Amino acid sequence: MNTETRIEMAARLTSASGIIAALDQSGGSTPDALRSYGISDTAYQGDAEMLKLIHEMRVRIITAPGFSSERVIGAILFEHTMENFIGAKSVPAYLWEDRGILSIPWTRGD
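Sequential numbering from 1 applies to the sequence shown in this note's numbering.
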């Protein structure tokens, strides 16, 4: 990432209006998130299938018309999401390049 992009990102973070979206469910909180979304525990077997389903849910959220830089400054992302893709782009690249939304790596604060 070049210096100009970093400056643009910092300016967005400090001056834009909107929300920081929390899309950072980890393995421990994912079953509850999926249940809230209407997906039962019996719909998947194991962590790999569970993480695939939560990624599909995040992609639907991120690609929805309302999830735009007009409303969202940045998105807090779980490590698995940071390493995943939307189409041919990494999630962070898609968020910034296609949506103008910052990716904020998940950090544990508790």
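Quick reminder that beta carbons are idealized off the backbone N, C-alpha and C, glycines included. Fair warning: this is a prediction, and the values are worked out from it, not measured in the lab.
Check, Outcome
"If you run the structure through DSSP and keep just helix, strand and coil, what is S90?", "strand"
"With distances taken from CA atoms, which of V72, V91, A33 and D47 is nearest S15?", "V72"
"L77 and D41 - do their beta-carbons sit closer together than 8 Å?", "no"
"Taking one C-beta from the stretch 54-73 and one from the stretch 89-99 each time, how about it: are there three or more such pairs within less than 8 Å?", "yes"
"Would you give the residue range spanned by the alpha helix (DSSP H) that I62 belongs to?", "G46 to T63"
"What is the DSSP secondary structure of S103, counted as helix, strand or coil?", "strand"
"So I104 and G66 are supposed to be a Cβ contact under 8 Å. How far apart are they, rounded?", "Between G66 and I104 the Cβ distance is about 19 Å, and since that is not below 8 Å, they are no contact."
"Considering only C-alpha positions, which residue in the set E8, E4 and T3 is nearest to L102?", "E8"
"Give the straight-line distance between the Cα atoms of R34 and E83, rounded to the nearest whole angstrom.", "First, the amino acid is wrong: residue 34 is Leu here, not Arg. Approximately 20 Å between the Cα atoms of the pair."
"Measure the C-alpha to C-alpha separation of A64 and I19 and round it to an integer number of angstroms.", "15 Å"
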